[in-house]
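In what follows, a single structure is set out as structure tokens and then discussed.
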Amino acid sequence: MFDIWKPEIFHGRRKEKNFFEGWYFKVVDRSEKNACAVIPGVSITGDPSKSHAFVMFLDARAQRMRYFRYPLDELKASDKKFELSIGGSFFSSERVNFTLGQGRGLITARISFKGTYPWPVKLLSPGVMGWYAFVPGMECYHGILSMDHSIEGFIEVDGTRTDFTGGRGYIEKDWGVSMPSSWIWMQTNHFDREGVSLSGSIAKIPWFGSYFTGYIFGFLYDKKLYKFTAYSGAKVTLLDVTADNTRIRLENKTYRLDIDADRSKGVDLPAPKLGEMTAKVNESLNSSINVDLLKKKGSGTELIYSGTGRNAGLEFVGNITELIKGLKK
């Protein structure tokens with residue numbers, strides 16, 4: 029039960045089927061010429077031959093994804109804090125050390141994180157899910173372990189070592205039965221100054237035989253996290269999606285967040301459906317996102333921040349029509 033207030037830890041300890049869990053580490057070097065995502069996780073099905081642990085490695089600049097599969101018994105996780113090992117590779121909120129593959133295709137990394145900024149966990153709002161974290165049996169749960177942080181260390185791919193010291197990173201995770209059938213996800217923490225970060229998602233949420241469209245957006249600016257979430261009463265007042273552009277406007281009583289995201293070419297990644305990694309999602313780490321944060325004043329607004337986020341992660345999956353319809357419920 030107390031795991032609810034620890035979204036970062038492993039939640040699959042007693043699961044026997046229809047379950048997935050994955051942690052997402054994004055790292056971009058100081059020059060911004062190298063961007064990678066590392067995703068350790070687990071796929072648990074009713075068929076022992078299909079259940080496995082895994083580590084995905086996405087090299088965004090090379091447009092290449094590699095998937096490394098391991099027996100379930102090679103996954104070890106602490107039940108007190110986020111410390112995870114898979115096949116000799118180690119992952120936590122403070123560092124990752126991994127060795128993937130062998131021979132000329134070897135990938136190794138020794139990276140540490142400093143100044144992490146997790147989404148706050150409170151008694152009645154244990155993380156980014158808010159009070160929805162208390163609802164049992166939801167299709168998918170979400171956690172943000174760090175909106176932004178600095179990086180020290182290196183990644184070596186196929187014999188070429190890249191220094192990531194001075195770069196920026198981001199960490200989140202998902203767990204549950206399946207990823208939503210329709211969703212939009214975006215993230216960037218490369219603006220004109222350090223410490224500015226955007227993370228957000230809009231998704232179809234099954235709900236007692238029907239569904240609604242849920243949304244969670246956070247914008248970190250000047251050491252303050254501005255939250256725009258369905259459970260806090262914020263509203264999506266604009267959602268317009270094309271093949272290469274997404275525009276979103278979110279409003280609460282005090283603030284407005286305008287987002288204009290341009291999508292670049294991505295790479296297909298395996299995604300969970302009923303615990304199995306049989307679905308596909310196309311993810312870009314080269315997109316750009318324009319963000320305006322405004323404060324409402326009478327009948328007008330006052331601009332707090334305007335900027336463009338680079339090296340942005342961007343995904344759009346499924347049916348935009350049902351997402352828009354679900355906003356009206």
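Numbering (this note's numbering), first residue to last: 29 to 357. Don't be surprised by glycine CBs; every beta carbon is placed ideally from N, CA and C.
L331 and F85 have their C-alpha atoms spaced approximately 39 Å apart.
Within its own chain, the residues whose Cβ lies closer than 8 Å to the Cβ of T329, once the five positions on either side in sequence are excluded, are R284, L322, K323, listed in chain order.
Taking 8 Å as the cut-off, the Cβ atoms of I317 and G337 count as close.
In this structure, DSSP gives A258 a helical state, which the three-state scheme calls helix. Per DSSP, L351 is one residue of the alpha helix (DSSP H) stretching across 348-355.
Judged by DSSP in its simplified three-state form, F118 adopts strand. Annotated three-state conformation of G204 is strand, per DSSP.
Excluding residues up to 5 positions away in sequence, G246, F247, L248, Y283, L285, L321 lie with their Cβ nearer than 8 Å to the Cβ of Y254 in the same chain. Around the beta-carbon of K232, 16 or more other beta-carbon atoms lie within 10 Å, marking it buried.
Counting only residues of its own chain and dropping the five nearest sequence neighbours on each side, D87 has a CB closer than 6 Å to the CB of C64.
Taking 8 Å as the upper bound for CB-CB distance, E350 and L173 are not in contact here, some 29 Å apart. Collapsing the DSSP output to three states places I32 in a helix. The C-alpha of N125 is placed about 27 Å away from the C-alpha of F219. Taking the Cα positions, G116 is about 29 Å away from K61. Boundaries of the beta strand (DSSP E) harbouring H170: 168-185, taken from the DSSP string.
Note on geometry: alpha-carbon atoms of Y198 and N46 lie some 27 Å from one another.
Inter-residue distance for M157 and L151 is about 12 Å (C-alpha atoms, whole angstroms). By the neighbour-count definition (other C-beta atoms within 10 Å, threshold 16), Q215 is a buried residue. By the CB criterion at 8 Å, Y98 and H80 fall inside the cutoff.
With fewer than 16 other CB atoms across the displayed protein chains lying within 10 angstroms of its CB, V163 is exposed. A direct Cα-Cα distance of roughly 29 Å separates S225 from A105.
With contacts defined as CB atoms closer than 8 Å, I179 and T190 fail to qualify as a contacting pair. For the pair of segments examined, the region 117-137 was found not to touch the region 165-172: the number of CB pairs separated by less than 8 Å stays below three. About 5 Å separates the Cβ atoms of S315 and R291, confirming a contact at the 8 Å cut-off. A distance below 6 Å between beta-carbons, with the five flanking residues on each side excluded, links I244 to the following residues of its chain, in chain order: V156, S229, T257. Going by C-alpha positions, A271 is about 20 Å away from T265. In this structure, the alpha-carbon of G223 lies about 14 Å from that of V56.
Q215 has S227, G341 as its beta-bridge partners, per DSSP.
Residue S71 holds the alpha-carbon nearest to the alpha-carbon of R41 among S71, Y52, R58.
Taken atom to atom, the span from the alpha-carbon of P76 to that of T136 is near 29 Å. If you draw a 10 Å sphere on the C-beta of D101, you find fewer than 16 other C-beta atoms in it, and that means exposed. Residue nearest to G261 within the set F82, W159, G131, G133 is W159 (criterion: CA-CA distance). For L313, the closest C-alpha among the options G341, D288, D268 is that of G341. Y145 carries a coil assignment under DSSP once its states are collapsed to helix, strand and coil.
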